[in-house]
Every structure is written in structure tokens, then in C-alpha cells.
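Numbering (this note's numbering), first residue to last: 720 to 812.
By construction, the Cβ of each residue, glycine as well, lies at the ideal position given by its N, Cα and C atoms.
Report on the structure given below.
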Ligand SMILES: [Zn+2]
Ligand SMILES: [Zn+2]
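Written out as C-alpha cells, the structure is:
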């Protein structure tokens, strides 16, 4: 598969690690109107995005930092499914 952010090519598991490590900054924290906070990952190939609410108990900054990586792992895993199903042509090497 090809990384949609930087054109690196790697098998899916390696690409997952690549995304999690190199493109961690693509998962941003977004604050909603109601004060809810979300992790958000935008697809660079279409206007689809993955959004996951940060549970109130996760709002402690230290806690968020500790779990941010795990949340990125899940977000990028779902993103890879999205790439495989929606952008197979663009991302198959
Ligand atoms: Zn990349
Ligand atoms: Zn997309």
C-alpha cells in the first residue's frame, strides 16, 4: 500500500506503524460547540473523516497524553480500512 501523506510504500502492517509514528500529527484534537472534545483524522483523498469522542474521564491532560498513541493506533487502523475500500486505486502500489 502507498501512504497517502508522503508516498512511502509498505505492506499494510508496516504502513500502519508508519502512519502511527510519522503522521501522528494528522490526528488532531477538535473541540465541539458543546465543549465535547474529539480526536479527528481527515482523509487527504476525500472529505471523509474519522472522529472519536474523548470521554470526559480522558480530559485530564496527562491521561490524554498517555492514551493518545493507542487512540492513534485505532484511528489509523480504521483509516487503512477506509483506504482499502474507498481508495484502492490511489493507494495500491
Ligand atoms: Zn507517510
Ligand atoms: Zn477518503
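Top-ranked residue by Cα proximity to residue i, from the options
i           : options            : result
residue 741 : 788, 797, 806      : 788
residue 784 : 724, 747, 737, 767 : 747
residue 800 : 768, 772, 786      : 768
residue 764 : 735, 732, 779, 798 : 798
residue 786 : 766, 758, 802      : 758
residue 749 : 771, 762, 738, 737 : 771
residue 796 : 723, 732, 807      : 732
Separation of residue j from residue i, as counted between CA atoms
i           : j           : result
residue 743 : residue 791 : 7 Å
residue 753 : residue 794 : 23 Å
residue 804 : residue 810 : 10 Å
residue 725 : residue 780 : 30 Å
residue 751 : residue 734 : 30 Å
residue 729 : residue 737 : 9 Å
residue 723 : residue 755 : 29 Å
residue 808 : residue 774 : 36 Å
residue 727 : residue 721 : 6 Å
Task: In chain order, each beta strand (DSSP E) run of at least 3 residues that lies wholly inside the stretch 730 to 783 - done: 746 to 750, 756 to 761, 768 to 772
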